[in-house]
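In what follows, a single structure is set out as structure tokens and then discussed.
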Amino acid sequence: MAATTAPPRAPRLGRLERPALTGVLVREVVNFSSFWRSSTFSSTVEPTIYLLAFGFGFGSLVSKIGGYDYVEFVGTGTVATAVLFSSAFPAMFGTFVKYQFQRTYDAILAAPVDTEELVTAEALWIATRAGVYGCVPMLVAIAFGLDPSWGMLVVPLIAWTAGFGWACFGIMVAGFAKSFENFNYVVSAVLTPLFLVAGTFFPLSRLPEWAQVLGNVNPLHHCVELVRHAAFGFQGWTDLARVGALVAFGLVMWRIAIHAMEQKLVD
Amino acid sequence: MNGDLAIRLRGVVKRYGPITAVNELDLDVPMGTCVGLLGPNGAGKSTTMRLLTAQSIADEGELEVLGFRLPEESKAARAQCGVVPQLDNLDVTLTVEQNLLVFTHLYRIGRADRRDAIERALKMANLVDRRTTRVDKLSGGMRRRLLIARALVHRPRLVLMDEPTVGLDPQVRQQIWALIDALRAEGTTILMSTHYIEEAQRLADTVLIMSHGRAVAAGPPAELVAEHAGREALEVYGPPARLAEVEADAGAAGLRTRRTGTSISILGVDRNGGYSVDGERRPANLEDVFVLLTGEEIA
């Protein structure tokens, strides 16, 4: 049997390498080019409908909340809704489909990409989309009377930060899920309550104390408040603490998502 | 490290709960050769393939791929490997060219070389005319060729092929064989799992027969056949009672037999000049070896 001498070894590759992250991101971007219309539609229209329905529906009954016009209150609050809808949900369903049905991750992990890089790149991409889609309700609100302000320029960054955490949350859920049906528990028992107790449509101060406590550990609430303050004026250390909460949420979810997917993808 | 080995496995064990999928497996794949893992479904072939890309982690044993220890250095090994999976995992909404483009990035091909890499892979897989076709519009054979092209886009030193022709019709299978043969002729090291006897016999320099996670024999196909099944086999047809009689007679004459549906194959008849019975002589093959060694039918 003919045998040749193996060439010298290449150096050992490290963790979280840029080429690996880029490779996964390129795949996402190229794929996105084939379904961006439907994705953009669902991620922007739904929060916009919430904005219009609550803003002009309740807005006709409620003139001001916390000193803001109700449309302004909801217009800034639904940014967080758009972030949630464009990050947690695609991450959950997309991740599950990719590993369970399309076996996309098997293909990627056969290349020089590790699970940590795969999860990180997926979350980065979803966060980027959330950063863009999150701004849509605010733009719609501007069209309906919300005054633009310089602080709004940081809203994409706030949306990106929150989107990263929710993307990792969605990937984590997909990593632990055994079937699509498992998502029902998460949507009903986790996402819906957090969505409602985020201060998007009404202030938390009107809720019972236990709900206020729950609201204050809800990352979505911090996103809502930060966007509102970006539009109407930041509140110094309080907002810095909220940024810290979002960053901490993202980091914790990121590590758990990696762990969950390693369990799922490597046996 | 063994410099002339692309793959070196020693005492590899992989368990899934009470099931031992790979059991004390030793495997050497010399550089520049094509080695076939031959066995029926459940023999441990696909698990072995997953172990080689660190998508499964061995419970025991040593694994080296291209000189890198697994799983610690798997990523560096994967950078120089191409993998053709058993199940299609192409991006079906993308075109042929886009699928390859994605993998030029994943395999870290420099910007200046990407175009050439894609063109080369398209030519090799005979998909140049289909470059702009969406994958979900391709036939099964074309999709399989694209999977192979994708695995070769970065000119890997080692290609792992997990059942490369499973589910394909005979004509398409021939095309894939020609493609693999061309690779082999270029000196690319190939490890290919298959449960098609003819595939292993045609393409592999060395065959490792697996059964229940174990390697039961290894060697060049012709040598395995000669060693275990002789040069010729005698195929005897008849009613069950007649076959049972022939089986008993052959056994008494020291010959090994295997049932093949409506007939019985008597192996090694060329080695026993005294034995005679009416039947059709045919060359012994790997299937005879496989059945003799494992007691299982392969497909």
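Read top to bottom, the protein sequences are chains Y and P. Position one of the first sequence corresponds to residue 13 (this note's numbering), numbered consecutively onward. Position one of the second sequence corresponds to residue 110 (this note's numbering), numbered consecutively onward. We put the beta carbon where it would ideally sit given N, CA and C, even for glycine.
Counterpart residues of residue i in DSSP-defined beta bridges
i	result
proline 392 of chain P	P/Glu341
tyrosine 80 of chain Y	Y/Ile77
isoleucine 128 of chain P	P/Tyr125
alanine 263 of chain Y	According to the sequence displayed, residue 263 of chain Y carries leucine and not alanine. None; leucine 263 of chain Y has no bridge partner.
proline 279 of chain P	Proline 279 of chain P pairs with nothing; no bridge assigned.
threonine 202 of chain P	According to DSSP, threonine 202 of chain P bridges with nothing at all.
methionine 150 of chain Y	Looking at the DSSP assignment, methionine 150 of chain Y forms no beta bridge with any residue, so it has no partner.
alanine 142 of chain Y	Note: alanine 142 of chain Y sits in no beta bridge, so no partner.
threonine 366 of chain P	P/Ile375
proline 139 of chain P	P/Leu114
valine 386 of chain P	Bridge partners of valine 386 of chain P: none, in fact.
isoleucine 299 of chain P	P/Cys143 and P/Val268
Alpha carbon of residue i to alpha carbon of residue j, nearest angstrom
i	j	result
phenylalanine 108 of chain Y	alanine 135 of chain Y	14 Å
valine 122 of chain P	isoleucine 61 of chain Y	56 Å
arginine 240 of chain Y	aspartate 159 of chain Y	12 Å
tyrosine 111 of chain Y	glutamate 169 of chain P	27 Å
glutamate 396 of chain P	isoleucine 306 of chain P	6 Å
proline 168 of chain Y	phenylalanine 176 of chain Y	12 Å
leucine 238 of chain Y	isoleucine 77 of chain Y	17 Å
lysine 190 of chain Y	valine 281 of chain P	36 Å
isoleucine 116 of chain P	histidine 337 of chain P	26 Å
leucine 118 of chain P	glycine 404 of chain P	25 Å
serine 55 of chain Y	glutamate 171 of chain P	49 Å
phenylalanine 181 of chain Y	glycine 248 of chain Y	28 Å
isoleucine 154 of chain Y	glycine 87 of chain Y	8 Å
proline 59 of chain Y	alanine 103 of chain Y	18 Å
asparagine 132 of chain P	tryptophan 178 of chain Y	42 Å
arginine 178 of chain P	valine 91 of chain Y	48 Å
threonine 17 of chain Y	leucine 114 of chain P	Residue confidence for threonine 17 of chain Y is low, a pLDDT of 44 falling below 50, so the modelled location carries little weight and cannot support an answer.
proline 127 of chain P	isoleucine 138 of chain Y	39 Å
valine 41 of chain Y	glutamine 207 of chain P	11 Å
leucine 215 of chain P	valine 262 of chain P	10 Å
alanine 174 of chain Y	leucine 232 of chain Y	7 Å
valine 10 of chain Y	aspartate 200 of chain P	No information on residue 10 of chain Y is available, as it lies outside the stretch 13 to 279 that chain Y covers here.
glutamate 389 of chain P	leucine 175 of chain P	46 Å
leucine 165 of chain Y	glycine 256 of chain Y	19 Å
glutamate 272 of chain P	aspartate 197 of chain P	11 Å
tyrosine 197 of chain Y	leucine 317 of chain P	48 Å
valine 138 of chain P	alanine 313 of chain P	11 Å
arginine 39 of chain Y	valine 264 of chain Y	26 Å
Cβ separation of residue i and residue j, assumed to be a contact under 8 Å, to the nearest whole Å
i	j	result
histidine 304 of chain P	proline 149 of chain P	6 Å
arginine 253 of chain P	leucine 231 of chain P	About 15 Å; that fails the 8 Å criterion.
serine 302 of chain P	leucine 203 of chain P	The pair is not a contact, with the Cβ atoms about 27 Å apart (cut-off 8 Å).
alanine 123 of chain Y	leucine 37 of chain Y	That pair is no contact at about 14 Å.
alanine 100 of chain Y	leucine 203 of chain Y	6 Å
threonine 298 of chain P	methionine 140 of chain P	5 Å
leucine 219 of chain Y	cysteine 235 of chain Y	About 18 Å separates the two Cβ atoms, so there is no contact after all.
glycine 191 of chain P	alanine 260 of chain P	3 Å
Chain-ordered chain P contacts of residue i [CB-CB under 8 Å]
i	result
arginine 39 of chain Y	Asp200, Val211, His214 and Leu215
threonine 116 of chain Y	Asn198 and Asp200
serine 46 of chain Y	Thr202 and Leu203
threonine 93 of chain Y	Correct list: empty, because the minimum Cβ distance to chain P is about 28 Å.
Contacts of residue i in chain A (Cβ-Cβ under 8 Å)
i	result
glycine 245 of chain Y	Of the protein chains in the structure, Y and P, none is chain A.
Any non-hydrogen atom of the ligand SAH closer than 6 Å to residue i Cβ
i	result
phenylalanine 47 of chain Y	No copy of the ligand SAH appears in this structure; indeed no ligand is present at all.
Chain-ordered chain Y contacts of residue i [CB-CB under 8 Å]
i	result
glutamine 164 of chain P	Asp118, Leu121, Ala122, Leu277, Val278 and Asp279
valine 237 of chain P	Simply none; closest approach about 20 Å.
lysine 154 of chain P	Chain Y residues near lysine 154 of chain P: none, gap ~16 Å exceeds 8 Å.
Under 9 Å by beta carbon: chain P residues contacting residue i
i	result
proline 102 of chain Y	By Cβ distance, chain P contributes nothing, its closest Cβ being about 15 Å from proline 102 of chain Y, past 9 Å.
asparagine 228 of chain Y	Within 9 Å Cβ-Cβ: nothing; asparagine 228 of chain Y doesn't reach chain P, min ~42 Å.
Proximity below 7 Å, CB of residue i to CB of residue j
i	j	result
valine 398 of chain P	valine 334 of chain P	yes
phenylalanine 244 of chain Y	phenylalanine 66 of chain Y	no
glutamate 128 of chain Y	isoleucine 270 of chain Y	yes
alanine 187 of chain Y	valine 209 of chain Y	What sits at residue 187 of chain Y in the sequence shown is glycine, not alanine. Against a cut-off of 7 Å, the Cβ pair of valine 209 of chain Y and glycine 187 of chain Y comes out as no contact.
threonine 371 of chain P	valine 144 of chain P	no
alanine 350 of chain P	serine 374 of chain P	no
alanine 171 of chain Y	glycine 211 of chain Y	no
glycine 153 of chain P	alanine 130 of chain P	yes
alanine 393 of chain P	glycine 339 of chain P	yes
leucine 96 of chain Y	valine 152 of chain Y	no
glutamine 164 of chain P	valine 125 of chain Y	no
Residue i: contacting residues in chain Y (beta-carbon distance under 9 Å)
i	result
lysine 232 of chain P	Neighbours of lysine 232 of chain P on chain Y: none; closest Cβ ~22 Å, over 9 Å.
proline 194 of chain P	Arg115, Asp118, Ala119 and Ala122
glutamine 207 of chain P	Val42, Asn43, Ser45 and Ser46
Residue i: contacting residues in chain Y (beta-carbon distance under 7 Å)
i	result
arginine 187 of chain P	Ala122, Ala123 and Pro124
Closer than 7 Å at the beta carbon, the chain P residues around residue i
i	result
proline 31 of chain Y	Arg217
glycine 187 of chain Y	Within chain P, no residue comes near glycine 187 of chain Y; the closest Cβ sits about 15 Å away, beyond 7 Å.
threonine 34 of chain Y	His214
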